[in-house]
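Chemist: Okay, handing you the structure first.
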Amino acid sequence: MALPQTELRPMGKPILRKEDPRLIRGKGRFVDDILLPNMLHLCILRSPYAHARIRRIDTSKAEAAPGVKLVLTGEDLAKMNLAWMPTLAGDVQMVLATDKVLFQYQEVAAVVAETRAQAEDAIQLIEVDYEPLPVVVDPFKALEPDAPILREDKEKKSNHIWHWEAGDREETDAIFREAPVVVKQNVRFQRVHPSPLEPCGCVADYNPATGKLVVYVTSQAPHVHRTAIALTTGFPEHMIQVISPDVGGGFGNKVPLYPGYVVAIVASLKLGVPVKWIETRTENIASTHFARDYHMTAEIAATEDGKMLALRVKTIADHGAFDATANPTKYPAGLYSIVTGSYDFKAAFVEVDGVHTNKPPGGVAYRCSFRVTEASYLIERVVDVLARRLKMDPAELRLRNFIRKEQFPYRSPTGWVYDSGDYEKTFKLALERIGYEELRKEQKEKWARGEFMGIGISTFTEIVGAGPAHSFDILGIKMFDSAEIRVHPTGKVIARLGVRHQGQGHETTFAQIIAEELGLSVDDVVVEEGDTDTAPYGLGTYASRSTPTAGAAAALCARRIRDKARKIAAHLLEVNEDDVVWDGAAFSVKGLPGRSVTMKDVAFAAYTNVPDGIEPGLEASYYYNPPNLTFPYGAYIAVVDIDKGTGAVKVRRFLAVDDCGNVINPMIVEGQVHGGLTEGFAIAFMQDIPYDADGNCLAPNWMDYLVPTAWDTPRWETDRTVTPSPHHPLGAKGVGESPNVGSPAAFVNAVLDALSPLGVEHIDMPIYPWKVWKILREHGITE
Ligand code: MCN
Ligand code: CUM
Numbered sequence: 159m160a161l162p163q164t165e166l167r168p169m170g171k172p173i174l175r176k177e178d179p180r181l182i183r184g185k186g187r188f189v190d191d192i193l194l195p196n197m198l199h200l201c202i203l204r205s206p207y208a209h210a211r212i213r214r215i216d217t218s219k220a221e222a223a224p225g226v227k228l229v230l231t232g233e234d235l236a237k238m239n240l241a242w243m244p245t246l247a248g249d250v251q252m253v254l255a256t257d258k259v260l261f262q263y264q265e266v267a268a269v270v271a272e273t274r275a276q277a278e279d280a281i282q283l284i285e286v287d288y289e290p291l292p293v294v295v296d297p298f299k300a301l302e303p304d305a306p307i308l309r310e311d312k313e314k315k316s317n318h319i320w321h322w323e324a325g326d327r328e329e330t331d332a333i334f335r336e337a338p339v340v341v342k343q344n345v346r347f348q349r350v351h352p353s354p355l356e357p358c359g360c361v362a363d364y365n366p367a368t369g370k371l372v373v374y375v376t377s378q379a380p381h382v383h384r385t386a387i388a389l390t391t392g393f394p395e396h397m398i399q400v401i402s403p404d405v406g407g408g409f410g411n412k413v414p415l416y417p418g419y420v421v422a423i424v425a426s427l428k429l430g431v432p433v434k435w436i437e438t439r440t441e442n443i444a445s446t447h448f449a450r451d452y453h454m455t456a457e458i459a460a461t462e463d464g465k466m467l468a469l470r471v472k473t474i475a476d477h478g479a480f481d482a483t484a485n486p487t488k489y490p491a492g493l494y495s496i497v498t499g500s501y502d503f504k505a506a507f508v509e510v511d512g513v514h515t516n517k518p519p520g521g522v523a524y525r526c527s528f529r530v531t532e533a534s535y536l537i538e539r540v541v542d543v544l545a546r547r548l549k550m551d552p553a554e555l556r557l558r559n560f561i562r563k564e565q566f567p568y569r570s571p572t573g574w575v576y577d578s579g580d581y582e583k584t585f586k587l588a589l590e591r592i593g594y595e596e597l598r599k600e601q602k603e604k605w606a607r608g609e610f611m612g613i614g615i616s617t618f619t620e621i622v623g624a625g626p627a628h629s630f631d632i633l634g635i636k637m638f639d640s641a642e643i644r645v646h647p648t649g650k651v652i653a654r655l656g657v658r659h660q661g662q663g664h665e666t667t668f669a670q671i672i673a674e675e676l677g678l679s680v681d682d683v684v685v686e687e688g689d690t691d692t693a694p695y696g697l698g699t700y701a702s703r704s705t706p707t708a709g710a711a712a713a714l715c716a717r718r719i720r721d722k723a724r725k726i727a728a729h730l731l732e733v734n735e736d737d738v739v740w741d742g743a744a745f746s747v748k749g750l751p752g753r754s755v756t757m758k759d760v761a762f763a764a765y766t767n768v769p770d771g772i773e774p775g776l777e778a779s780y781y782y783n784p785p786n787l788t789f790p791y792g793a794y795i796a797v798v799d800i801d802k803g804t805g806a807v808k809v810r811r812f813l814a815v816d817d818c819g820n821v822i823n824p825m826i827v828e829g830q831v832h833g834g835l836t837e838g839f840a841i842a843f844m845q846d847i848p849y850d851a852d853g854n855c856l857a858p859n860w861m862d863y864l865v866p867t868a869w870d871t872p873r874w875e876t877d878r879t880v881t882p883s884p885h886h887p888l889g890a891k892g893v894g895e896s897p898n899v900g901s902p903a904a905f906v907n908a909v910l911d912a913l914s915p916l917g918v919e920h921i922d923m924p925i926y927p928w929k930v931w932k933i934l935r936e937h938g939i940t941e
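Numbering (this note's numbering), first residue to last: 159 to 941.
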């Protein structure tokens, strides 16, 4: 049951979300709600071709169209040295195309007009003379020697972008040479898109009178955007204010800087009035950052009795036309090397090659924790392949290979140091809660009757909370995060953080942390994020990093306030500071529990009655650089039944047992898990962005790219174990992405478990009914 925001000692309690009254009543303030005087509207003309040379662009008719104030092409931007912009991955990307286009829906020209309708009409009047070029959509073909070179702007005359590896090749190969059992599986993680309800957009507002540029933008990382805008445009950073108002879902889609933002800024600088650009659904799906698109091969070397020895992984990563993933600089394949998962391998070797194709850029988005989704799906799938080969129960195989609780902190063969975990305990809870033994019995009976029921397991390990700054940066900016807290005279608090939520409930959970540390209630604390003029510098919300980084900063910042408050309390209590004790609600005198002052008393005194030698006021800031990442984990079990007539998979039950250390708000964590499972379910069964041979995007809308409704979505069962992070000040780990990282493998393993009597080894996602139906038909099960 949810609790009111007036609750004291709110840590760990299901406090009602502070943001909901405004969001549920439609009173949120999103970018498209921002209306400014004299505001103009921008629309972008996009390429119908996936690969074509631009011979000529004629904008004269568009310029003469009603209401049109400005038409911009790549040539215009080139004069300002803005035809290209840096990506977060150290590559460059065209803002508006100059000589050629590299993917369908790429930005070619833009119109600014008095109304959006006028701008949309006018872009149709721009004439572009394209010369189609050969298209490459398959990354394997892109690597062939005679493949057309897509990026003529680059020195390297190849579509190969980079090679990256982790682990020990020789040691791994040596184990494989001797191993009694080796299994190998090719697994594709298809191209998907986070597709948030609110697409991307911005309002750029340059005021020639003040010289200030305000950019309202759908941003998960406002400070990074401000710095990137300053670096890209040369505009002085202190004259740029980035405001990320309410964001209608991000899921990683709103981390990068998009061409539309740059064009809107240029237009506002040129015209001296605000310019709004809001994407359509199709523009969002077909041009902004996609997710996954990994072609993976994994091999496991094992003993006959099921001890896993080594893991070898080879991957081709389709990055599209520009390498624009929002990865930390040192990790072009993100944190994919967590692929050894929850298992104690002796050795592992992982290699990834990034490749250009004629598709939109991206790769890191959609609740992915920097490619951990791909890694978890791969290892959890191949462990099942091994279980099948060994004729072992997949639960038994996992239990035999888990990293044991006494091995933590555990150094993985690819170099990560897992902070804490008790995989066996969590998994056994899941097996017991789902009734694993009985389900296996039921399954045997069903198989005997010719019915297909499956049980799918995924016991994954996540890695979230980037920094540590020594090895994590974006655009060279070290990955720490921050909090600033001001306590007003009446004991009310405003707290500002360097992250920016998009629905995760930070206004509540971070208020809970601060209220707990200061002995206040949640409704005493306002949490504000997203305005670079007021918030301390931070790297933003993605990769489930907010709780591990800004959450820690909030706690430590509040403790700084408490340290100062103790001095003032000593003065009020007329005792030595050493004699003052804090009991979570008030300061009292050691041994004299009757005499106490609350944080509210101290706050008032901080402005009205400060002792000599102490600065007036009560505020602090904290920049937190985490010593390590946090490693949440979980045990997920899906139970499915297959309809023999149609091949449709019905998810009968799904249990998610998560461990994200100490929990700040169990209701919010449960909501995060429900949302992530729903997305994982969609990826497993309905989402894909395919391209035809000409590079046409075949799912550029919500008719073809499916987003699950409440009707499609299974009922989620959740539970939890608590293994605190030893290095986080609250013992908390991140959780936002765990359910999407962990769940796809459970769904797919369940379907393959159901079909195991037919000897089916693997089916690539999405598992559409027709794929299953075809298999049933091939086996004469259905007509
Ligand atoms: N929390 C908690 N106790 C913990 C861990 C987390 O109470 N031990 C709470 C947090 O305080 C926060 C929420 O759970 O309110 C999620 O926290 P965290 O795991 O730190 O993740 P972030 O806040 O950094 O959110 C990012 C994550 C990512 S990367 C994607 S993608 C995603 C996700 O969150 N996008 C979302 N969940 C989303 N939920 C919504 N509604 N909208 C999105 O766009
Ligand atoms: Cu990878 S999606 Mo989230 O990190 O914003």
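C-beta: ideal position from N, C-alpha, C; glycine also.
1) DSSP has Y926 in a bridge; who is on the other side?
2) Look up A969 in the DSSP assignment and give the residues it is bridged to.
3) State the beta-bridge partners of D363 as determined by DSSP.
4) In chain order, what residues of the same chain have a beta carbon less than 7 Å from the beta carbon of I474, not counting five sequence neighbours either side?
5) Comparing alpha-carbon positions, which option in K176, E265, L246, R175 lies nearest H209?
6) What do you reckon, is the C-beta of G408 under 8 Å from a heavy atom of the ligand CUM?
7) Out of L246, P306, W322, K434, point me to the one whose CA is closest to D190's CA.
8) Would you check if the distance between the CB atom of R717 and the CB atom of P887 is smaller than 9 Å?
9) Straight-line CA distance for D304 to F409?
10) According to DSSP, is S679 helix, strand or coil?
11) Round the Cβ separation of E675 and A713 to the nearest angstrom and send it over; I've been treating them as touching at under 8 Å.
12) Heavy atom of the ligand MCN less than 8 Å from the Cβ of Q845, yes or no?
13) Between which two residues does the beta strand (DSSP E) containing H943 stretch?
14) Tell me the DSSP bridge mates of G325?
15) Could you please give the first and the last residue of the uninterrupted alpha helix (DSSP H) stretch that includes K599?
16) For the ligand MCN, any of its heavy atoms closer than 8 Å to the Cβ of G834?
17) Taking 8 Å as the cut-off, is the C-beta of Q830 nearer than that to any heavy atom in the ligand CUM?
18) T667: beta carbon under 8 Å from a heavy atom of the ligand MCN?
19) Apart from the five residues just before and just after A903, which ones in its own chain have a Cβ nearer than 6 Å to its Cβ?
20) Assuming contact is defined by CB atoms lying nearer than 9 Å, are S702 and V622 in contact in what I supplied?
21) Starting from R211, follow the beta strand (DSSP E) in both directions and report where the run begins and ends.
22) For A379, which three-state DSSP category applies?
23) Just the Cα atoms here: how many angstroms apart are V497 and T788?
24) P354: beta carbon under 8 Å from a heavy atom of the ligand MCN?
25) Grab the span of the alpha helix (DSSP H) containing V906 for me, first residue to last.
26) Starting from P790 and walking both ways along the beta strand (DSSP E), at which residues does that stretch end?
27) Return the chain-ordered list of same chain residues with a C-beta closer than 8 Å to the C-beta of R591, the five sequence neighbours on each side being excluded.
28) Would you check if the distance between the CB atom of S426 and the CB atom of D481 is smaller than 9 Å?
29) Name, in chain order, the residues that DSSP records as bridge partners for Q251.
30) Straight-line CA distance for Q348 to G803?
31) Under three-state DSSP, which class holds A268?
32) Note down the Cα distance separating T376 from I387, rounded to an integer number of angstroms.
33) Regarding V522 and the ligand CUM, is the C-beta to nearest heavy atom distance less than 8 Å?
34) Should E620 be labelled buried (16 or more other beta-carbon atoms within 10 Å of its own) or exposed?
35) In terms of residue numbering, what span does the alpha helix (DSSP H) encompassing H832 cover?
36) Give a yes or no on whether the C-beta atoms belonging to A857 and I443 are separated by under 9 Å.
Modeler: Concretely, from the data shown:
1) As a working mapping, residue 926 is identified with position 768 in the sequence shown. Y926 is not bridged to any residue.
2) Residue 969 is absent from the structure shown; the chain starts at 159 and stops at 941.
3) Position 205 of the sequence shown, counted from the first residue, corresponds to residue 363. According to DSSP, D363 shares a beta bridge with V372.
4) Position 316 of the sequence shown, counted from the first residue, corresponds to residue 474. Contacts found: P297, F298, H453, D511, V513.
5) The residue you call residue 209 lines up with position 51 of the sequence shown. Measuring from the Cα of H209, the nearest candidate turns out to be E265.
6) Position 250 of the sequence shown, counted from the first residue, corresponds to residue 408. Answer for G408: yes, Cβ within range of the ligand CUM.
7) On the sequence shown, residue 190 is found 32 positions in, with the first residue counted as 1. Nearest in C-alpha terms to D190, of all of L246, P306, W322, K434, is K434.
8) The residue labelled residue 717 in the question sits at position 559 within the sequence shown. The residue labelled residue 887 in the question sits at position 729 within the sequence shown. A contact, by the Cβ cut-off of 9 Å.
9) Walking along the sequence shown from the start, residue 304 turns up at place 146. Walking along the sequence shown from the start, residue 409 turns up at place 251. Answer to the nearest angstrom: the Cα atoms are 37 Å apart.
10) Position 521 of the sequence shown, counted from the start, is the residue given in the question as residue 679. Secondary structure at S679: coil, using DSSP grouped into helix, strand and coil.
11) Position 517 of the sequence shown, counting from 1, holds the residue named residue 675. Position 555 of the sequence shown, counting from 1, holds the residue named residue 713. Confirmed, about 6 Å.
12) Translated into positions along the sequence shown, residue 845 becomes position 687. Closer than 8 Å to some heavy atom of the ligand MCN: that does not describe the Cβ of Q845.
13) This structure cannot speak to residue 943, because the chain is shown only from 159 to 941.
14) By 1-based counting over the sequence shown, the position of residue 325 is 167. Note: G325 sits in a beta bridge opposite F507.
15) Here residue 599 is taken as the residue at index 441 of the sequence shown, counted from 1. Element bounds for K599: 594 to 606.
16) Sequence index remark: in the sequence shown, residue 834 carries index 676 (1-based). Checking every heavy atom of the ligand MCN against the Cβ of G834, one is found closer than 8 Å.
17) One-based indexing of the sequence shown puts residue 830 at position 672. Incorrect: Q830 has no Cβ contact closer than 8 Å to the ligand CUM.
18) Counting from 1 along the sequence shown, the entry for residue 667 is found at position 509. Yes, since a heavy atom of the ligand MCN falls inside the 8 Å radius drawn around the Cβ of T667.
19) By one-based count along the sequence shown, residue 903 stands at place 745. If we look at A903 and ignore the five residues flanking it on each side, its Cβ neighbours are Y535, E538, R539, S616.
20) Within the sequence shown, residue 702 is the residue found at index 544, counting from 1. Within the sequence shown, residue 622 is the residue found at index 464, counting from 1. In this structure, V622 lies closer than 9 Å to S702 by Cβ.
21) The residue given as residue 211 occupies position 53 in the sequence shown. It spans 210 to 216 - the beta strand (DSSP E) in which R211 sits, taken as one unbroken run.
22) Within the sequence shown, the letter at position 221 stands for residue 379. DSSP places A379 in coil when its eight states are reduced to three.
23) Against the sequence shown, residue 497 aligns to sequence position 339. Against the sequence shown, residue 788 aligns to sequence position 630. T788 has its alpha-carbon roughly 16 Å from the corresponding atom of V497.
24) As a working mapping, residue 354 is identified with position 196 in the sequence shown. For the ligand MCN, at least one heavy atom lies less than 8 Å from the Cβ of P354.
25) Within the sequence shown, the letter at position 748 stands for residue 906. Counting along the chain, the alpha helix (DSSP H) containing V906 begins and ends at 896 to 912.
26) Counted from its first residue, the sequence shown places residue 790 at position 632. Unbroken run through P790: none, as it is neither H nor E.
27) Taking the first residue of the sequence shown as 1, we reach residue 591 at position 433. For R591, same chain residues with a beta-carbon under 8 Å away, outside a window of 5 residues either side, are L813, V815, E875, D877 in chain order.
28) As a working note, residue 426 is residue 268 in the sequence shown. As a working note, residue 481 is residue 323 in the sequence shown. Cβ distance not < 9 Å, so S426 and D481 don't count as in contact.
29) As a first step, residue 251 is located in the sequence shown; it is residue number 93 there, counting from the start. Looking at the DSSP output, Q251 sits in a beta bridge with M243.
30) Reading the sequence shown from its first residue, position 190 is the one you call residue 348. Reading the sequence shown from its first residue, position 645 is the one you call residue 803. Their backbone Cα atoms lie some 26 Å apart in a straight line.
31) Position 110 of the sequence shown holds residue 268. In the structure shown, A268 sits in a strand (DSSP, three-state: E or B).
32) Sequence index remark: in the sequence shown, residue 376 carries index 218 (1-based). Sequence index remark: in the sequence shown, residue 387 carries index 229 (1-based). Using only the alpha carbons, I get a separation of about 14 Å.
33) Taking the first residue of the sequence shown as position 1, residue 522 is located at position 364. Yes, since a heavy atom of the ligand CUM falls inside the 8 Å radius drawn around the Cβ of V522.
34) Start at 1 with the first residue of the sequence shown, and residue 620 comes out as number 462. Note on E620: 16 or more other CB atoms within 10 angstroms of its CB, so buried under the neighbour-count rule.
35) Numbered from its first residue, the sequence shown carries residue 832 at position 674. From DSSP, the alpha helix (DSSP H) with H832 extends over 824 to 843.
36) Residue 857 sits at position 699 when you count from the first residue of the sequence shown. Residue 443 sits at position 285 when you count from the first residue of the sequence shown. I443 sits close to A857, with the two beta carbons spaced by under 9 Å.
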